[in-house]
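Quick mapping for you: the protein sequence lines, in order, are chains E and S.
If you read the first sequence in this note's numbering, its first letter stands for residue 66, the second for the next number, and so on.
If you read the second sequence in this note's numbering, its first letter stands for residue 9, the second for the next number, and so on.
We put the CB at the ideal spot given by N, CA and C, even for glycine.
Read through the structure below, which is laid out as structure tokens, and then see the notes.
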Amino acid sequence: MVAATAVAAAGVVLVAGLELGGYDAGAALGALWSGAFGSGYALLSATLVRAIPLTVIGLGFALAFRGGALNIGAEGQFYAGAIAATAVGVHAAAWPPAVAVSMVLLVSAAAGALWIALPVLLKVRYGVFEAISTLLLNFVAVSLVSYMVTGPLRERSGIYPQSDPLAAAARLPLLPGSRLHLGALLAIGIAVVLWVVMRKTLWGFQLKALGLSPRAALVTGGVGADRMLASALLWSGALAGLAGGLEVSGVSYALFQDLSPGYGFTAIAVALLARLHPGWIVLSGILFGALEAGAGAMQRDAGVPAVAVYVVEAVVIVTILVVDALFRRRQIVRGIQAGRVTA
Amino acid sequence: MDPLPVVSGFLAAAVRVATPLLWAATGETITERSGVINLGVEGAMLAGALGAAVGASGGGVWVGTGVALAAGLLVGVAFALVAVTAQADQIISGTAVTLGAIGLTGVIYREYFGTAGAGLSLPTLPPLRIPILAEVPLLGPALFAQPILTYAAIGIVPIVWLLVYRTRWGLVLRAVGESREAARVAGVHVGAVRFAATVAGSGLAGLGGASLVLAQVGTFAEQMTAGRGFVAIAIVVLGRWHPFGVMLAALLFGAANASQYLFQAMSLDVPYQVFLMLPYFLTIVALAGVVGQVRAPAELGK
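In structure tokens form, the structure reads like this:
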């Protein structure tokens, strides 16, 4: 219900914005649609390819947020993963493909976890708010990529600020006739695993309890709040790093600046729209993947700047937040009236 | 090599870089004192930067400054409606507002100035030399030959201090930030105070965007604030939510950023990206270092 409201609000804002901006809204939306779903190529090679990092990062954001922790630094973890994947992938020519691909993905996830390790440590040790520290590390990661592609990882010919291409063995297999890579299956697999973890395990139950009421979780004992949050955040970072590895080994085959068109932030909208539910995150990831894919077509064919999708994303997030907040307050008020909640 | 002009240039650069941060951080200090943490300050700065560019290209630097202020206020209202009026999660609201501001400024920039690549050249605020004082060795150029928005940024710090610590309004502001419940019982309209503090803070962040465009860079580029608004939030923590502390912290950041000129002058072979990373690391370390010793407003983020 809330999600539907948010999508509707975003649609209204998009159409109103297009009309206000003097664009042909029909043509723009037509371009958006055909760029996202108009053909087999658009669906498989544009929309779904973009949905993969959004889904994987969104799952990680949701995991941490279930426990009440905010990982706003997925963009940085994504780049950390991409750097690690590139560093390994360019040297993997002699390895068997299965080994090369596994190594690339493993080191990218490890790098993502490493990138969030400092904020986690600071949170546990000194109570530093993880939203700020993870956010700040995004900018460090962007500079690190800039350094890597002009320094240690620069292509041997030294012409462009980018890395050498990954060895063929380190590239993910593609669905024949498309650019859709194996990461799609991996994303779905991770969603299933997370669903099971959240639904069927004690750890998942405790994490949710912690997110709903830190004090209650503390009082009831048995829940090591710090340890739970630390591991949820580390997994969240690992998933964002993995998304970076998937992007390098499945899509770009090289490292360069601006590899991510803000996936780390869009993924927050993905997770919130899905109400943090793993299954819905896959669908919501596809929706936002379509938006990103369609935005390119909209800019090309209807002259609407692609950055407009950020506005749409912002509207989705804000609508969900506001509807949720209003609903929550009504519930509390009703609770007080019924004498169930004492403030 | 004569070290004097190098050091003097370094100090001047430090103050120049610190100015936009000081505006935004001073604004955010007011906001956070009411218990609201506004990650939309980055968006407010960016909107201010674009507003300055649009205004200055049409009507000169002062129109630009005015439009920047208005743009900052507007972003503040958007954030306050979500985070204060509707009481949604402040961190996520702020992220969303910044995201929206990145999108909107991008669209408006392309609409107004044409598609990317065009090097936009805007009228800028010239340095205002204060006679005699500007000739003082070392400190003269840094403190007394700056654009007027820099003087204003420094001048507003004691004003904010007076407001926060020496007026009834400031008492109410701090009361709301420390205990909403107590303030409410005392008859304070908590929402109104938070709304006002948030919008005012965003307005100052808008002026920070103006000083970035009109006093430092002289042009606009998409996402040109590049996280300065987020750095401002860290500066507030480092400055312990106190206007004078925040000013010192902003200068420290300016110095860290300007140190790249110093190192270049000493021809040290250090990649320039290291200097770009330095302030962020400094912030994170500072967050860890000070949190143990100082207490944030008790209601911050709630």
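**Prompt:** DSSP beta-bridge partners for residue 137 of chain S?
**Reply:** S:153
**Message:** Between residue 52 of chain S and residue 72 of chain S, how many whole angstroms is the CB-CB distance? I'm expecting something under 8 Å.
**Reply:** Residue 52 of chain S to residue 72 of chain S, Cβ: 16 Å. No contact.
**Per-residue DSSP class, three states only, for residue 244 of chain E** = coil
**From E:255, E:353, E:231, residue whose alpha carbon lies closest to that of residue 343 of chain E** = E:255
**Message:** Taking a contact to mean a Cβ-Cβ separation below 8 Å, would you say residue 110 of chain E touches residue 244 of chain E in this structure?
**Reply:** yes
**Request:** Check whether the Cβ atoms of residue 22 of chain S and residue 266 of chain S sit closer than 8 Å, and answer yes or no.
**Result:** yes
**Prompt:** So the alpha helix (DSSP H) residue 24 of chain S belongs to, where does it begin and stop?
**Reply:** 11-41
**Message:** Would residue 378 of chain E pass as an interface residue toward chain S - the criterion being a Cβ-Cβ separation below 8 Å?
**Reply:** yes
**Request:** Please compile the residues from chain E whose C-beta is within a distance smaller than 9 Å of the C-beta of residue 119 of chain S.
**Result:** 86, 87, 370
**Message:** Cβ closer than 9 Å: which chain E residues qualify as neighbours of residue 295 of chain S?
**Reply:** 187, 191, 193, 194, 197, 198, 201
**When E:79, E:105, E:352, E:278 are compared against residue 331 of chain E, the one with the closest alpha-carbon** = E:352
**Request:** Scan the region 135-158 of chain E for residues whose Cβ lies nearer than 7 Å to a Cβ of chain S and list them as they occur along the chain.
**Result:** 135, 137
**Prompt:** With which residues is residue 264 of chain E paired in a DSSP beta bridge?
**Reply:** Answer is none; residue 264 of chain E lacks a bridge partner.
**Request:** Over the uninterrupted alpha helix (DSSP H) stretch that includes residue 71 of chain E, give me the two end residues.
**Result:** 67-85
**Message:** To be precise: take each residue of the region 80-100 of chain S, compare its Cβ to all Cβ atoms of chain A, and keep it if any distance is under 7 Å. Which residues remain?
**Reply:** As a matter of chain content, chain A is missing from the structure shown, whose protein chains are E and S.
**Request:** Taking residue 347 of chain E as the reference, give the member of E:309, E:119, E:145, E:181 with the closest Cα.
**Result:** E:119
**Prompt:** Where do the ends of the alpha helix (DSSP H) carrying residue 160 of chain E lie?
**Reply:** From DSSP, residue 160 of chain E is part of no alpha helix (DSSP H); its letter is neither H nor E.
**Asked** On the premise that residue 35 of chain S lies in contact with residue 212 of chain S, defined as a C-beta separation below 8 Å, what is that separation, rounded to the nearest angstrom?
**Response** 3 Å
**Asked** When Cβ atoms are compared, which residues of the region 325-337 of chain E fall closer than 9 Å to chain S?
**Response** 327, 330, 331, 333, 334, 337
**Interfacial residues, the region 158-182 of chain S to chain E, with Cβ spacing under 7 Å** = none
**Message:** Cutting at 6 Å between CB atoms, please list the residues of its own chain near residue 82 of chain S, excluding the five before and the five after it.
**Reply:** none
**8 Å Cβ cutoff, residue 270 of chain E in contact with chain S** = no
**Request:** Can you give me the start and stop residues for the alpha helix (DSSP H) that residue 214 of chain E sits inside?
**Result:** 195-215
**Prompt:** Within 8 Å (strictly less), CB to CB, does residue 288 of chain S reach chain E?
**Reply:** yes
**Asked** Cβ of residue 391 of chain E less than 8 Å from any chain S Cβ?
**Response** yes
**Asked** Would DSSP call residue 321 of chain E helix, strand or coil?
**Response** strand
**Prompt:** Using a Cβ-Cβ distance under 8 Å, would residue 104 of chain S count as near chain E?
**Reply:** yes
**Asked** Cα-Cα, which of E:376, E:388, E:375, E:369 is closest to residue 94 of chain E?
**Response** E:369
**Message:** Strictly below 8 Å CB to CB, what residues from chain E border residue 216 of chain S?
**Reply:** Chain E residues near residue 216 of chain S: none, gap ~17 Å exceeds 8 Å.
**Prompt:** Looking only at its own chain, which residues have a Cβ that is under 7 Å from the Cβ of residue 164 of chain S, when we skip the five neighbours before and after it?
**Reply:** 34
**Item:** Closer than 8 Å at the beta carbon, the chain S residues around residue 122 of chain E
**Value:** Near residue 122 of chain E there are no residues of chain S at all, since even the closest Cβ is about 14 Å away, more than 8 Å.
**Prompt:** Opposite residue 239 of chain E in the DSSP bridges: which residues?
**Reply:** E:246
**Message:** What does the alpha-carbon distance come out to for the pair residue 184 of chain S and residue 150 of chain S?
**Reply:** 38 Å
**Request:** Kindly indicate if chain E contains any beta-carbon less than 8 Å away from that of residue 291 of chain S.
**Result:** yes
**Asked** For residue 366 of chain E, which residues from the same chain have a beta carbon less than 7 Å from its beta carbon, with the 5 sequence-adjacent residues on both sides left out?
**Response** 96
**Asked** For the ligand MN, is there a heavy atom less than 7 Å away from the beta-carbon of residue 79 of chain E?
**Response** In terms of ligand content, the structure shown is empty, and the ligand MN therefore cannot be addressed.
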